[in-house]
Amino acid sequence: MLITGALACKNNQHDSVKIAKEVNRDKDKVTQTMAVEKSDADFAVEAANGNMIDVQLSALAKTKAANSRVRQFAAMIIADHATLSSHLQQIATDKNITLPQELSGEAKNDITRLNRKDRATFDGAYMHMMLADHKKYVDNFEKAAKDCKDAALRNYIHEALPVLKKQRDSAAAIDPYFVERTPTPAPVYP
Numbered sequence: 001m002l003i004t005g006a007l008a009c010k011n012n013q014h015d016s017v018k019i020a021k022e023v024n025r026d027k028d029k030v031t032q033t034m035a036v037e038k039s040d041a042d043f044a045v046e047a048a049n050g051n052m053i054d055v056q057l058s059a060l061a062k063t064k065a066a067n068s069r070v071r072q073f074a075a076m077i078i079a080d081h082a083t084l085s086s087h088l089q090q091i092a093t094d095k096n097i098t099l100p101q102e103l104s105g106e107a108k109n110d111i112t113r114l115n116r117k118d119r120a121t122f123d124g125a126y127m128h129m130m131l132a133d134h135k136k137y138v139d140n141f142e143k144a145a146k147d148c149k150d151a152a153l154r155n156y157i158h159e160a161l162p163v164l165k166k167q168r169d170s171a172a173a174i175d176p177y178f179v180e181r182t183p184t185p186a187p188v189y190p
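Next up, the structure:
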């Protein structure tokens, strides 16, 4: 508890992801109470942040999206990531890994930018973001599947990968709908 408080005060930027990583690093150095390697703990922190990002972006999409497919996709993301978050939280508790309690500053900025989109451009922006994020998630989880040393986290990764691939593929199927329908500016003739 003292480590968390000291780091929170020390770190003026209040980036929950960075704070969680620092707490985990200090736990391992000072008290040696963390039951996983630093790289595995860092992966868990990033996965937790990704879960929170997707849930919050998708909650926004459920209320702001004009297209029913986009709203259905957002509902699927929320349900899937709630389950993944719950499993990851249990592992973190068992392994004494500190996870972020709020979004990183970058993620908050992404949500703010998306929220500023008007209804006509929101759906496309959200789907582009989801497709890019899920491509990155799948790549990161596949790398972690090879590098992760902790058995519980490896099981989590193998449980999450098919879900993330399903989400990536769903986003890829919906995303072209918006690309194809984006109006092309008329050519300017002299």
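The sequence shown maps to residues 1 to 190 in full-length UniProt numbering.
All C-beta atoms in this analysis are idealised placements derived from N, C-alpha and C, irrespective of residue type, glycine included.
**Study point:** Pairwise C-alpha distance: Ser58 and Met129
**Key:** 11 Å
Exercise for review: Tell me where the alpha helix (DSSP H) around Asp94 begins and ends.
Suggested key: Ser68 to Lys95
Review point. Is there contact here, the segment 47–56 with the segment 133–150, by at least three beta-carbon pairs under 8 Å?
Key: yes
**Study point:** Residue burial classification, Ser170 (beta-carbon count within 10 angstroms, cutoff 16)
**Key:** buried
Point to revise | Assigned exposure category for Asp123 - 16 Cβ within 10 Å defines buried | key: buried
Exercise for review: Determine the contact status of Phe43 and Asn155, defining contact as a CB-CB distance below 9 Å.
Suggested key: no
Point to revise | Reduced DSSP secondary structure (H/G/I, E/B, other) of Pro176 | key: helix
Exercise for review: State the Cα-Cα distance for the pair Ala82 and Ala61, rounded to the nearest angstrom.
Suggested key: 16 Å
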